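Numbering of the sequence shown is given in UniProt numbering, commencing with residue 1 and proceeding in unit increments.
Below: one structure, written as structure tokens.
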Amino acid sequence: MATDETLSKVPRKTRLIAFLTLAAIKVFSFTYRLRVVGHPQHLLGLVGRGDSVVVACWHNRMFYFATYIYRYLLRNRFKLAMMSSDSKDGEIGATIGKYAGAKVVRGSSSRRGASGLRGLYRAIVKDKHSIIILPDGSKGPVYEAKVGVAALAKMTGKPILPVSCWASDYWRIRSWDRMIFPKPFSRIMITVGDLIEVPRRADDEQLEVYRQRVQVELDALGRAAEEPFKKVCKRI
Numbered sequence: 001m002a003t004d005e006t007l008s009k010v011p012r013k014t015r016l017i018a019f020l021t022l023a024a025i026k027v028f029s030f031t032y033r034l035r036v037v038g039h040p041q042h043l044l045g046l047v048g049r050g051d052s053v054v055v056a057c058w059h060n061r062m063f064y065f066a067t068y069i070y071r072y073l074l075r076n077r078f079k080l081a082m083m084s085s086d087s088k089d090g091e092i093g094a095t096i097g098k099y100a101g102a103k104v105v106r107g108s109s110s111r112r113g114a115s116g117l118r119g120l121y122r123a124i125v126k127d128k129h130s131i132i133i134l135p136d137g138s139k140g141p142v143y144e145a146k147v148g149v150a151a152l153a154k155m156t157g158k159p160i161l162p163v164s165c166w167a168s169d170y171w172r173i174r175s176w177d178r179m180i181f182p183k184p185f186s187r188i189m190i191t192v193g194d195l196i197e198v199p200r201r202a203d204d205e206q207l208e209v210y211r212q213r214v215q216v217e218l219d220a221l222g223r224a225a226e227e228p229f230k231k232v233c234k235r236i
């Protein structure tokens, strides 16, 4: 695991891809029409209260949520950390995060990715950052939550905040999860679930129950985010 490596150590090609991607996110973000539904008080209150949470979002919907992160969180100096895998794709994501001002922890969110979980623990407990974790990353299967998100909530004593997103128009990237990138001027729906508290004394069997709860919640939020745009398509 590597934590917050200096950008000078990152290959030039990776830095260029990350820089251009972040530039696109910044420019496009001002053309999007965002709507937050569900339990927005949890998301909207992050900046003001300074509370730490474990935000969970599917891997291929990260660019949707990145728009909200840039417009409303990082620009308000919100303390945010993100996990990025040790893969090549993960290095691009990590570099984007660093350019945007987020703290980056390299590693895995699975139970076996102990070093990654330790890095996230330090970020959320000692440094008081909120964490964004992609439960089905870094290589899937897509839309299948790993138990690491529940384990992290148990370790830190911080609640999980499930979030999903969808857009009226988007591109698909050729990747294992068919990453989605919203097109300029599209409407974006962000659906926010309720907080999921994982007891500090939860055993492995209970952690699996909470993993399944995160799975069910993210699936439901995803359907809720997509539904308004399906109705529009049916009317046309």
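The C-beta atom is built at its ideal place from N, Cα and C for all residues, glycine as well.
The structure displayed is predicted, hence computed values, not measured ones.
For Arg-12, does the count of other Cβ atoms within 10 angstroms reach 16, so buried, or fall short, so exposed?
-> Sequence index remark: in the sequence shown, residue 12 carries index 12 (1-based). Around the beta carbon of Arg-12, a 10 Å sphere encloses fewer than 16 other beta carbons of the protein chains shown; the residue is thus reported as exposed.
Reduced DSSP category for Arg-178 - H, G, I as helix; E, B as strand; rest coil | Start at 1 with the first residue of the sequence shown, and residue 178 comes out as number 178. Shown here, Arg-178 sits in coil according to DSSP, grouped into three states, outside any helix or strand.
Leaving out five residues on either side along the sequence, give the residues of the same chain with a beta carbon under 8 Å from the beta carbon of Arg-112.
-> Translated into positions along the sequence shown, residue 112 becomes position 112. At Arg-112, the pLDDT of 48 sits below 50, so the modelled position is not reliable and the matter cannot be decided from this model.
Cβ separation of Ala-202 and Tyr-210, assumed to be a contact under 8 Å, to the nearest whole Å | On the sequence shown, position 202 is the one that residue 202 refers to. On the sequence shown, position 210 is the one that residue 210 refers to. Rounded, the Cβ-Cβ distance is 7 Å, consistent with contact.
Roughly how many angstroms separate the alpha carbons of Ala-18 and Gln-206, rounded to a whole number?
-> On the sequence shown, residue 18 is found 18 positions in, with the first residue counted as 1. On the sequence shown, residue 206 is found 206 positions in, with the first residue counted as 1. Their Cα atoms are separated by approximately 39 Å.
Classification of Gln-215 by the beta-carbon crowding that lies within 10 angstroms, buried from 16 upward | Residue 215 sits at position 215 when you count from the first residue of the sequence shown. When all chains shown are included, Gln-215 counts as buried.
Which whole-angstrom value describes the C-beta separation of Leu-43 and Val-163, a residue pair presumed to lie in contact below a C-beta threshold of 8 Å?
-> Here residue 43 refers to the residue found at position 43 of the sequence shown. Here residue 163 refers to the residue found at position 163 of the sequence shown. Contact holds; Cβ gap of about 7 Å.
Just curious, the alpha helix (DSSP H) that Leu-22 is in, first and last residue?
-> One-based indexing of the sequence shown puts residue 22 at position 22. Unbroken alpha helix (DSSP H) run through Leu-22: 12–29.
Contact check, Val-105 vs Gly-116 under 8 Å by CB: the rounded distance?
-> One-based indexing of the sequence shown puts residue 105 at position 105. One-based indexing of the sequence shown puts residue 116 at position 116. 6 Å between Cβ atoms; contact.
Straight-line CA distance for Arg-71 to Tyr-64?
-> The count along the sequence shown starts at 1 and reaches residue 71 at position 71. The count along the sequence shown starts at 1 and reaches residue 64 at position 64. Distance between the alpha carbons of Arg-71 and Tyr-64: 12 Å.
Roughly how many angstroms separate the alpha carbons of Ala-81 and Ala-123, rounded to a whole number?
-> For the purposes of this step, residue 81 is taken as the residue at position 81 of the sequence shown. For the purposes of this step, residue 123 is taken as the residue at position 123 of the sequence shown. Roughly 7 Å between the two C-alpha positions.
As assigned by DSSP and simplified to three states, the class of Ile-236 | As a position in the sequence shown, residue 236 is number 236, starting the count at 1. Its pLDDT being 35, under 50, Ile-236 is placed unreliably in this model, and the coordinates cannot settle the point.
Taking the C-alpha atoms as reference points, what is the distance between Ser-168 and Asp-86?
-> The residue you call residue 168 lines up with position 168 of the sequence shown. The residue you call residue 86 lines up with position 86 of the sequence shown. Approximately 32 Å, taken between the alpha carbons.
What's the C-alpha gap between Cys-165 and Val-55?
-> Start at 1 with the first residue of the sequence shown, and residue 165 comes out as number 165. Start at 1 with the first residue of the sequence shown, and residue 55 comes out as number 55. Each residue's alpha carbon lies about 13 Å from the other.
Rounded separation between Arg-15 and Arg-172 - CA only | Counted from its first residue, the sequence shown places residue 15 at position 15. Counted from its first residue, the sequence shown places residue 172 at position 172. C-alpha separation (whole angstroms): 22 Å.
Can you tell me where the beta strand (DSSP E) with Tyr-68 in it begins and where it stops?
-> Position 68 of the sequence shown, counting from 1, holds the residue named residue 68. Counting along the chain, Tyr-68 falls outside any beta strand (DSSP E), though it belongs to the alpha helix (DSSP H) covering 62–68.
Would you decide whether Glu-91 is buried or exposed? Buried here means 16 or more other CB atoms lie within 10 Å of its CB.
-> Walking along the sequence shown from the start, residue 91 turns up at place 91. Counting C-beta atoms within 10 angstroms of its own C-beta, Glu-91 has 16 or more neighbours from the protein chains shown and is therefore classed as buried.
In angstroms, rounded to a whole number, what distance separates the CA positions of Ser-130 and Pro-199?
-> Working through the sequence shown from its first residue, we reach residue 130 at position 130. Working through the sequence shown from its first residue, we reach residue 199 at position 199. Answer to the nearest angstrom: the Cα atoms are 18 Å apart.
Taking Ser-29 as the reference, which of Lys-9, Ala-66, Ser-8, Gln-41 has the closest Cα?
-> In the sequence shown, counting from the first residue as 1, residue 29 sits at position 29. Ranking the options by Cα distance to Ser-29, first place goes to Ala-66.
Under three-state DSSP, which class holds Ile-173?
-> The residue you call residue 173 lines up with position 173 of the sequence shown. The answer is coil: DSSP assigns Ile-173 none of H, G, I, E or B.
Can you list, in chain order, the residues of its chain whose CB lies under 8 Å from that of Val-121, leaving out five sequence neighbours each side?
-> Mapped onto the sequence shown, residue 121 falls at position 121. Here the sequence assigns Tyr to residue 121, which means Val is not the residue at that position. Counting only Cβ-Cβ distances below 8 Å, and skipping sequence neighbours, we find Leu-152, Met-155, Thr-156.
Whose C-beta lies closer than 7 Å to the C-beta of Ile-96 among residues of the same chain, with five residues either side of it excluded?
-> Walking along the sequence shown from the start, residue 96 turns up at place 96. Within the same chain, and ignoring the five residues on either side of Ile-96 in sequence, the residues whose Cβ sits closer than 7 Å to its Cβ are Ala-18, Thr-21, Leu-22.
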